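Going left to right, the sequence shown walks through residues 0 to 132 as numbering that gives the first Met the number 0 numbers them. In this text, a Cβ means the ideal position worked out from N, Cα and C, and glycines have one as well. For clarity, every value in this text was computed on a predicted model and none was experimentally measured.
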Amino acid sequence: METSSREIIRCTRCRLQQYMTQTQRCRRCSGDLLPPLPPEPEQPQSSQSQTITASNLMASRLRLVRRCRHFSQPEMAERARVSQQFISVMERGRSRVTLETLERYANALNLPLHVLFAPAPQFERFLQKQGMV
Ligand SMILES: [Zn+2]
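Here it is, written out as structure tokens:
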């Protein structure tokens, strides 16, 4: 493989694209020529094609626990002192909920926050202990 000195890089000052020079200085302006950033480390591939984000995971768990508790959205809204609209948005993983609201919501479900964010087996054990599955 060729040495990295043949890689095309861009001057950080004047943006001129060029090959790396011996001095690691720009041919035009003598600015620093930074070597290209190393490639991002590979993320471990999930077997699922769809990415599970924290808010998606949280949303689906909150919806599951609410249904297991047999709370309707209006009932839940009252218990957690949030709007029904908020619940429906949050349960679709679309809201930027504050920690304070999240805590109040989880409390209303009798769901400890650490369980909400626990790895799946721990979350499932919680559901089992609560007789929810
Ligand atoms: Zn330059």
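- Taking C-alpha positions only, L112 is separated from F122 by approximately 11 Å.
- By the C-beta criterion, the region 66-75 is judged not to be in contact with the region 14-33, since fewer than 3 inter-stretch pairs fall below 8 Å.
- In this structure, DSSP gives L32 an extended state, which the three-state scheme calls strand.
- For the pair L108 and R65, the CB atoms are nearer than the 8 Å cut-off.
- In this structure, E90 keeps its C-beta atom at 8 Å or more from the C-beta atom of R68.
- In this structure V81 touches Y104 by the C-beta definition: roughly 7 Å separates them, less than 8 Å.
- R124 and L115 have their C-alpha atoms spaced approximately 12 Å apart.
- Relative to the non-hydrogen atoms of ligand 1, the Cβ of R60 never comes closer than 7 Å to any of them.
- Contact check for R24 against Q16 fails: the beta carbons are separated by 8 Å or more.
- Exposed is the label assigned to M131, since fewer than 16 other Cβ atoms lie within 10 Å of its Cβ.
- Look at L115: its beta carbon is at least 7 Å from all of the heavy atoms in ligand 1.
- By a beta-carbon distance limit of 8 Å, S71 does not contact F85. Their separation comes to about 14 Å.
- Under the three-state reduction of DSSP, C67 is assigned to helix.
- Per the coordinates, the alpha-carbon of A117 lies some 52 Å from the alpha-carbon of T22.
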